[in-house]
Structure formats: structure tokens, C-alpha cells
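Let me begin by presenting the structure, written as C-alpha cells, before commenting on it.
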Amino acid sequence: MSGDRFCLLIIGGYGTFGGRLARLLGDQSRLRLLVAGRSLEKADDFVADLRTPKDGAEGLGSNNLGAMVQAVSFDRDGDLTEQLTRMRPHLVVDASGPFQSFGKNAYKVVEACIGLGIDYADIADSTGFVAGVGGLDAAAKARGTFALSGLSSLPALSFAALDAMAPHFSRIESVAAGIAPSAHVRIGLNVVRAIATYAGKKITVRRDGQPAAGRGLIDAMRVTVAPPGVTPLRSRKFLLVDAPDLKLLPARFADLKSSFTGVGTEPQPLQRLLSLAARLVHFRLLPSLLPFARPLQRASHSFAIGEHRGGMFVRAGGVDHAGKRLSCGWHLIAEGDDGPFIPIIGVDALVRRLLTGVRPENGARPAAGELQLADFEAAFRRFSITSGIRMEHEAARQPLYRQILGSAWERLPPALAALHAGGARVASGRARIERGGGLLARIVAGVIGFPKAGEDVPVTVRLVSDGDREIWTRDFDGTVFRSWQVEGKGRDRHLLAEVFGPFRVLMALVPDGEKLRLVVRGWRFLGIPLPMFLAPGGDTYEEERDGRFHFHVEIGGRLTGLVVRYTGWLVVE
1 MSGDRFCLLI IGGYGTFGGR LARLLGDQSR LRLLVAGRSL EKADDFVADL
51 RTPKDGAEGL GSNNLGAMVQ AVSFDRDGDL TEQLTRMRPH LVVDASGPFQ
101 SFGKNAYKVV EACIGLGIDY ADIADSTGFV AGVGGLDAAA KARGTFALSG
151 LSSLPALSFA ALDAMAPHFS RIESVAAGIA PSAHVRIGLN VVRAIATYAG
201 KKITVRRDGQ PAAGRGLIDA MRVTVAPPGV TPLRSRKFLL VDAPDLKLLP
251 ARFADLKSSF TGVGTEPQPL QRLLSLAARL VHFRLLPSLL PFARPLQRAS
301 HSFAIGEHRG GMFVRAGGVD HAGKRLSCGW HLIAEGDDGP FIPIIGVDAL
351 VRRLLTGVRP ENGARPAAGE LQLADFEAAF RRFSITSGIR MEHEAARQPL
401 YRQILGSAWE RLPPALAALH AGGARVASGR ARIERGGGLL ARIVAGVIGF
451 PKAGEDVPVT VRLVSDGDRE IWTRDFDGTV FRSWQVEGKG RDRHLLAEVF
501 GPFRVLMALV PDGEKLRLVV RGWRFLGIPL PMFLAPGGDT YEEERDGRFH
551 FHVEIGGRLT GLVVRYTGWL VVE
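Residue 146 in my numbering sits at position 146 of the sequence shown, and the numbers go up by one each step.
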């Protein structure tokens with residue numbers, strides 16, 4: 001070792017996740033990073049690339065490389081004691097896998113570390129591997145070391161989210177969690193191999209309070225990932241995957257009746273084909289999808305279409321302290337290439353803690369509950385990652401906009417909050433109206449009843465709550481048109497649906513400084529979904545200026561051009 005640097009050995013250090021961990025920790029001047037794998041040539045190439053400055057998330061750490069980085073060869077099937085004694089790291093992080101395929105001697109790396117008094121952590125996602133590491137607990141305590149398994153999205157981050165939500169419950173009866181990777185992220189072969197090992201095969205879940213047989217990549221649930229105040233991911237189905245949470249949750253929540261962990265890949269048609277292949281295994285027409293892992297990986301890379309965003313959710317259901325039903329969901333969205341950093345953020349947090357002298361208790365155990373949600377959220381701020389919790393009391397409905405925004409409601413300026421406070425409201429002010437000149441634009445405007453163009457037009461808006469919906473009546477100097485708004489259901493959950501005659505427009509509510517933006521996410525005509533590239537668009541937002549509510553509404557499309565644009569201000573009476 002060099003001086004008093006903390007030595008970290010990353011097995012799989014040039015792989016999908018190990019490489020990202022090395023980049024994240026590259027700014028730590030007290031670190032000596034050993035980037036390890038079977039191929040010394042690949043390790044050397046990675047280290048050379050790490051030292052080359054880059055822009056963007058992939059270059060994290062490389063523009064400010066303070067760590068001493070070294071490429072080393074490491075063979076997990078070789079003489080582990082000799083290799084570890086020679087390198088003598090303070091901490092070994094196994095970021096390789098797939099852990100599902102490690103076989104009878106699955107814990108030989110962990111055992112070698114414990115035998116030499118070296119701390120250990122991994123990002124394993126194998127239920128059996130993570131749950132079984134506790135068998136080494138006594139040995140680790142005797143040697144004064146720790147071994148943490150599963151310091152990844154599932155179960156470390158998912159349990160941190162559950163621990164943050166648990167105080168709202170008197171008992172938790174159901175837990176579901178899922179990961180939705182961006183279609184544009186190149187999934188590593190080991191990840192595909194891990195999924196292929198259990199596709200179509202039995203996965204033990206919880207149903208009606210008892211262990212039950214689920215079907216890998218066949219059983220599904222639909223979820224809309226929607227952190228408060230962020231444009232949601234498109235609603236998608238999550239297919240059942242084998243994750244450590246399924247084994248660990250019953251011990252954490254005594255009243256647990258149901259459990260689910262899933263993956264929601266895009267594009268969804270490709271996921272449906274994967275589910276169909278899993279059914280061939282389920283009906284014993286194929287022994288396993290493992291031989292097809294490489295073609296499946298190539299297919300996922302070839303069909304990289306759709307939004308470049310990924311996400312994650314953890315949902316809990318049960319009873320609150322007043323005895324009422326409560327549903328609570330933690331949601332996360334990562335923009336662009338930031339998603340694949342999430343599985344190693346827990347290890348990053350662990351290493352940074354160790355560098356400050358804070359270490360976990362000795363012993364070998366799953367990493368569920370090892371870190372708090374705040375530890376992860378501190379790391380999220382280094383990325384374009386947004387997360388938050390949504391509370392849903394089944395018996396207590398809130399005003400429409402507050403219901404959709406969740407905790408993001410607190411970020412609204414007072415003038416916007418006053419207009420959307422619920423109940424019956426009347427607001428008046430002045431507006432400027434522009435109309436499109438195209439024939440189709442005039443037809444659409446006539447069908448809906450939009451006002452004619454004008455300057456400094458008096459306007460009155462009446463809002464009336466009617467059950468779950470709000471009726472908006474706009475009066476532009478005698479020209480009246482109505483619409484009604486409601487929270488979307490099913491696929492449209494967490495979106496605002498506004499109905500103009502035969503058209504239903506679905507919008508995300510996104511606070512942006514002093515503005516509340518309304519971002520179109522879909523539309524329908526007489527209930528029939530229409531193509532998004534033809535959807536009515538435009539820059540539509542509300543904002544507070546000089547203490548008053550200001551609006552900027554723009555409606556148009558590729559076929560129509562501008563239909564109408566009206567801007568102005570309102571004061572709630």
C-alpha cells in the first residue's frame with residue numbers, strides 16, 4: 001500500500017457496475033483503488049480510460065481523479081488467500097456476478113476475506129446468496145470484520161425506502177418494489193444471465209400471509225413510477241423477478257400478507273416477448289433461458305427506443321395509527337445515463353463512511369436496513385435523480401392538484417396554491433388571446449368553444465369541485481367554454497386529465513421554480529388513444545408574478561399548428 005491510503009479492491013472493477021463504482025470514488029484522494037478482473041488487459045484499458053477527462057455522468061471522478069488507481073488481475077477460481085494476501089485490501093467489493101450461478105462454493109470469496117480479517121461487501125441480487133450470508137456471521141464477528149451482501153437497489157435501497165415509510169403505519173401488510181431501467185442503457189451480460197436463471201421458474205412470494213409460488217417473468221403488476229413534482233414514467237407492467245426482498249420481508253414485517261418484486265423494461269413489446277419465452281420454460285418446452293442470454297442482451301441493445309429515463313418504486317400498504325387504510329409509495333426517476341449508478345450508490349456511501357472512520361458492526365448479514373434513505377438521497381444530488389414519497393389515505397381525498405402533486409404541493413407559490421385549494425372558487429382578471437389561422441385549427445377551436453382573438457379581454461374563471469373532479473368554466477368577455485379535470489386512473493395514474501368536449505388531454509404537473517408546468521403525456525378522442533407525435537403541445541404553465549396568479553396556455557399540434565394561446569392574470573375573489 002501507499003502511505004495511509006485506504007485500499008479498496010473491486011472485483012469486476014471494469015464491468016457495468018464495478019466500473020461505475022470506480023468512477024464514483026475516483027475523487028477520493030485517500031483511496032487506493034484496485035480495479036480487478038480476470039483480464040489484466042481489460043483492467044488496464046479501463047484504468048487508462050478512467051484517467052482520461054470526459055464530460056457527463058460517464059466521466060464522474062475522471063476530471064478530478066484524486067485516488068491512486070491500479071489495474072490488477074484477480075481470478076475468483078484461483079488461490080484466493082494468495083491473491084488477497086498479496087494485495088492486502090482493507091475492503092473487497094464484489095461487483096461481478098451473476099451471484100445466482102456461483103454454485104456450491106458460493107461464499108469462497110467471502111470466507112477468504114473473513115479468514116484474512118478483510119471487510120467485504122457486494123451488490124448481489126440473488127435471493128439465496130444474500131439471505132444465506134448470515135451463516136458466516138459468527139466467523140466474521142470472531143475475526144472482527146463485516147460482510148454485507150446485497151448493498152444494491154434491492155434490498156439495500158428498497159429497505160431504506162421502507163424504513164422511511166414505516167413510521168406512518170401501525171402495521172404493513174403488503175410490499176411491492178420494482179426497477180424500470182431505461183431502454184437506452186446497455187444492460188450487462190451478467191444481469192441478463194441472472195434474470196435468465198429464474199425466467200419461467202418458481203419464485204417464492206407472499207400471498208394471503210403465506211408462502212406461495214410465483215412465476216418468474218410471467219406474473220405481473222402495472223405501476224406508474226411518479227416521484228412528486230416530476231413528469232412520471234409511462235405506465236408499464238413489471239414482471240416478477242427473484243430478489244432478496246422476497247426472502248427478507250417476512251422477517252421484517254410480521255403482518256406481511258403479500259409481496260412482489262419486479263422489473264419493467266422498455267420497450268414493453270420486447271418485454272412481452274421475454275415473458276412469452278419464460279412461459280416456454282414454465283411449460284417445460286425449454287429447460288432454461290440461460291443459453292439464450294447473449295441473444296437476449298443483443299435484442300435489448302437493438303431495441304433502444306423511447307424515453308431515456310429509468311426509475312424505481314417501493315410501495316407499502318397497510319393500516320395507519322388511526323386504524324385507517326393507508327397506501328404509501330416511494331418513487332425514483334433517473335434521467336439519461338444516471339440510472340445504472342443507483343445499484344452502487346450504497347457501496348459508495350459505505351466507502352465514504354469508512355473514510356471518515358464510521359464502520360458497520362462486525363458480522364455477516366444482508367445489507368437490508370444497513371443504510372438510511374438520507375444516505376442515498378445525499379448521493380442522488382450528484383446526479384439527475386429525483387425521488388419522493390406519496391401518501392394515499394383511502395378515506396381522505398385532498399383537492400385535485402394537491403392529490404396529484406403529493407409533497408411537491410408545498411413548493412407551489414401562494415397565488416397558485418390559492419387557486420387550486422379546492423371547493424368553489426371564482427377568479428377574475430384580464431387576458432390576451434391569439435388564435436391560429438389554419439382551417440383545421442379553426443375547426444378544433446370551434447368544436448371546443450375557444451374564444452376569439454383579443455387584447456386586454458376581461459376573464460372570469462369559476463371552479464367547482466364535483467366529487468373527484470373539478471369543473472372549470474372560463475368566461476372571456478361573454479364567450480364561455482367549459483372543461484373538467486380529474487386525476488387519471490389506471491395507466492394514467494398521477495396525471496391530470498382535462499376533458500374538452502370529445503378530447504381528453506393527459507398532463508404531468510411539474511413545479512419549476514415559481515412556475516407550475518403542465519406537460520402533455522397523452523391524449524384521446526372519444527376514449528381512443530391517439531399518437532403522441534400528433535398530441536396538442538405548447539408551452540403551458542402557471543406562475544406567480546407580483547403576488548398574482550398568471551397563466552400561459554398554448555394549444556396546438558403538428559396537424560393544426562397553433563389553435564389558441566391565451567395569457568393573462570387572475571385574482572381569486
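Ideal Cβ placement from N, Cα and C applies to all residues, glycine included.
Note that this is a predicted model, so its numbers are computed, not measured.
Original post:
Between the C-alpha atoms of Val-571 and Asp-546, what's the straight-line distance to the nearest angstrom?
Top reply: The residue given as residue 571 occupies position 571 in the sequence shown. The residue given as residue 546 occupies position 546 in the sequence shown. C-alpha separation (whole angstroms): 11 Å.
Original post:
Taking three-plus beta-carbon pairs below 8 Å as touching, is the stretch 171-185 in contact with the stretch 310-324?
Top reply: yes
Original post:
What first and last residue would you give for the beta strand (DSSP E) that runs through Tyr-107?
Top reply: Locating residue 107 in the sequence shown gives position 107, where the first residue counts as 1. From DSSP, Tyr-107 is part of no beta strand (DSSP E); its letter is neither H nor E.
Original post:
From Leu-148 to Leu-371, what does the alpha carbon distance come to, in whole angstroms?
Top reply: Start at 1 with the first residue of the sequence shown, and residue 148 comes out as number 148. Start at 1 with the first residue of the sequence shown, and residue 371 comes out as number 371. Going from the Cα of Leu-148 to the Cα of Leu-371 covers about 11 Å.
Original post:
Does DSSP classify Lys-42 as helix, strand or coil?
Top reply: As a working mapping, residue 42 is identified with position 42 in the sequence shown. If DSSP states are grouped into helix, strand and coil, Lys-42 belongs with the helices.
**OP:** Let me know if Lys-247 comes out buried or exposed under the rule of 16 or more other beta-carbons within 10 Å of its beta-carbon.
**Re:** Sequence index remark: in the sequence shown, residue 247 carries index 247 (1-based). With 16 or more other Cβ atoms within 10 Å, it is buried.
**OP:** Confirm, please, whether the CB-CB distance from Val-457 to Ser-428 is below 9 Å.
**Re:** Translated into the one-based positions of the sequence shown, residue 428 becomes position 428. Translated into the one-based positions of the sequence shown, residue 457 becomes position 457. No; because the gap between Cβ atoms is not below 9 Å, this pair is not in contact.
**OP:** Can you say whether Val-480 is buried or exposed, counting buried as having 16 or more other CB atoms within 10 angstroms of its CB?
**Re:** Start at 1 with the first residue of the sequence shown, and residue 480 comes out as number 480. With fewer than 16 other Cβ atoms within 10 Å, it is exposed.
Subject >> Buried versus exposed call for Thr-560 [16 or more other C-beta atoms within 10 Å across all chains shown] >> reply: Residue numbering aside, residue 560 sits at position 560 when the sequence shown is read from its first letter. The residue in question, Thr-560, is buried, as its Cβ has 16 or more Cβ neighbours within 10 Å.
Original post:
When you compare only the Cα positions, how much space is there between Arg-20 and Ile-344?
Top reply: By 1-based counting over the sequence shown, the position of residue 20 is 20. By 1-based counting over the sequence shown, the position of residue 344 is 344. In a straight line, the C-alpha of Arg-20 is about 8 Å away from that of Ile-344.
**OP:** State whether the stretch 386-393 contacts the stretch 324-334, with contact taken as three or more CB pairs (one from each stretch) at a distance under 8 Å.
**Re:** yes
**OP:** At 4 residues or longer, and completely inside the stretch 439-490: list those alpha helix (DSSP H) runs for me, N to C.
**Re:** 439-448
**OP:** Count the other C-beta atoms from every protein chain shown that fall within 10 angstroms of the C-beta of Glu-498, then say buried if there are 16 or more, exposed otherwise.
**Re:** Counting from one through the sequence shown, the residue named residue 498 turns up at place 498. Buried, since its Cβ has 16 or more Cβ neighbours within 10 Å.
**OP:** Measure the alpha-carbon distance for Gly-454 versus Arg-565 and round it to whole angstroms.
**Re:** Stepping through the sequence shown from its first residue, residue 454 is reached at position 454. Stepping through the sequence shown from its first residue, residue 565 is reached at position 565. Cα-Cα distance, rounded: 11 Å.
**OP:** Note down the Cα distance separating Ile-528 from Met-68, rounded to an integer number of angstroms.
**Re:** Against the sequence shown, residue 528 aligns to sequence position 528. Against the sequence shown, residue 68 aligns to sequence position 68. Computed Cα separation, rounded: 59 Å.
Original post:
Would DSSP call Asp-94 helix, strand or coil?
Top reply: As a position in the sequence shown, residue 94 is number 94, starting the count at 1. Reduced to three states, the DSSP call for Asp-94 is strand.
Original post:
Taking the runs of the alpha helix (DSSP H) that are 4 residues or longer, which of them lie wholly in the stretch 179-256?
Top reply: 189-198, 245-252
Subject >> Selected residue, minimal CA-CA separation from Gly-422, among Val-486, Lys-324, Ile-195 >> reply: Taking the sequence shown and counting its residues from 1, one reaches residue 422 at position 422. Out of Val-486, Lys-324, Ile-195, Val-486 has the C-alpha closest to the C-alpha of Gly-422.
**OP:** Please name the residue or residues paired with Met-68 in a DSSP beta bridge.
**Re:** Reading the sequence shown from its first residue, position 68 is the one you call residue 68. Met-68 is bridged to Arg-32.
**OP:** Look at Ser-300 and Ile-187 and say whether their C-beta atoms are less than 9 Å apart.
**Re:** Taking the sequence shown and counting its residues from 1, one reaches residue 300 at position 300. Taking the sequence shown and counting its residues from 1, one reaches residue 187 at position 187. Yes, the pair counts as a contact, with Cβ atoms nearer than the cut-off.
**OP:** Between the Cα of Arg-143 and those of Trp-472, Ser-153, Leu-116, spot the shortest distance and give me the residue it belongs to.
**Re:** By 1-based counting over the sequence shown, the position of residue 143 is 143. Of the candidates Trp-472, Ser-153, Leu-116, the one whose C-alpha sits nearest the C-alpha of Arg-143 is Leu-116.
Original post:
DSSP puts Glu-498 in a beta bridge; with which residues?
Top reply: If you number the sequence shown from 1, residue 498 lands on position 498. Gln-485, Val-505.
Original post:
Ends of the alpha helix (DSSP H) at Lys-141?
Top reply: Translated into the one-based positions of the sequence shown, residue 141 becomes position 141. Counting along the chain, the alpha helix (DSSP H) containing Lys-141 begins and ends at 137-143.
Original post:
By Cβ distance below 7 Å, which residues in the same chain neighbour Gly-537 in space, the five residues on each side in sequence not counted?
Top reply: Here residue 537 refers to the residue found at position 537 of the sequence shown. For Gly-537, where only same-chain residues beyond five positions count, the Cβ hits under 7 Å are Val-520, Gly-556, Gly-557.
Subject >> At least three beta-carbon pairs within less than 8 Å, the stretch 489-507 to the stretch 376-385 >> reply: no
Subject >> Option nearest Arg-38 by Cα separation, candidates Ile-118, Pro-360, Val-72, Leu-286 >> reply: Residue 38 sits at position 38 when you count from the first residue of the sequence shown. Looking at the Cα atoms, Val-72 is the closest of the given residues.
Subject >> Proximity below 9 Å, CB of Ile-600 to CB of Ala-48 >> reply: Examination of residue 600 is not possible in this model, given that the chain is present from 1 through 573 alone.
**OP:** Could you check how far apart the C-beta atoms of Ala-368 and Met-165 are, in whole angstroms? I think they sit under 8 Å.
**Re:** Your numbering for residue 368 matches position 368 in the sequence shown. Your numbering for residue 165 matches position 165 in the sequence shown. Not a contact, Cβ separation roughly 14 Å.
Original post:
What residues match up with Ser-170 in a beta bridge as DSSP calls it?
Top reply: By one-based count along the sequence shown, residue 170 stands at place 170. Ser-170 is not bridged to any residue.
Subject >> C-beta contact flag for Glu-554 and Lys-515 at 9 Å >> reply: As a first step, residue 554 is located in the sequence shown; it is residue number 554 there, counting from the start. As a first step, residue 515 is located in the sequence shown; it is residue number 515 there, counting from the start. The answer is no: Cβ separation not under 9 Å.
Original post:
Between Ala-445 and the rest of its own chain, which residues show a CB-CB distance below 8 Å, the 5 nearest in sequence each way excluded?
Top reply: The residue you call residue 445 lines up with position 445 of the sequence shown. Only Arg-435, Gly-436, Val-563, Val-564 meet the Cβ criterion.
**OP:** State yes or no: is the C-beta of Val-133 within less than 9 Å of the C-beta of Pro-366?
**Re:** Within the sequence shown, numbered from 1, the residue matching residue 133 stands at position 133. Within the sequence shown, numbered from 1, the residue matching residue 366 stands at position 366. Contact flag set, yes.
Original post:
Helix, strand or coil for Asp-75 per DSSP?
Top reply: Stepping through the sequence shown from its first residue, residue 75 is reached at position 75. DSSP places Asp-75 in coil when its eight states are reduced to three.
**OP:** Given a cut-off of 9 Å, decide if Ser-259 and Asp-492 are closer than it, judged by their beta-carbon atoms.
**Re:** The residue you call residue 492 lines up with position 492 of the sequence shown. The residue you call residue 259 lines up with position 259 of the sequence shown. Going by C-beta atoms, Asp-492 is not nearer than 9 Å to Ser-259.
Subject >> Classification of Thr-81 by the beta-carbon crowding that lies within 10 angstroms, buried from 16 upward >> reply: As a first step, residue 81 must be located in the sequence shown, where it is residue number 81. So Thr-81 ends up on the exposed side.
Subject >> Whether Ser-126 touches Pro-98 by CB criterion (9 Å) >> reply: Numbered from 1 along the sequence shown, position 126 holds the residue referred to as residue 126. Numbered from 1 along the sequence shown, position 98 holds the residue referred to as residue 98. Result yes, Cβ atoms of Ser-126 and Pro-98 sit closer than 9 Å.
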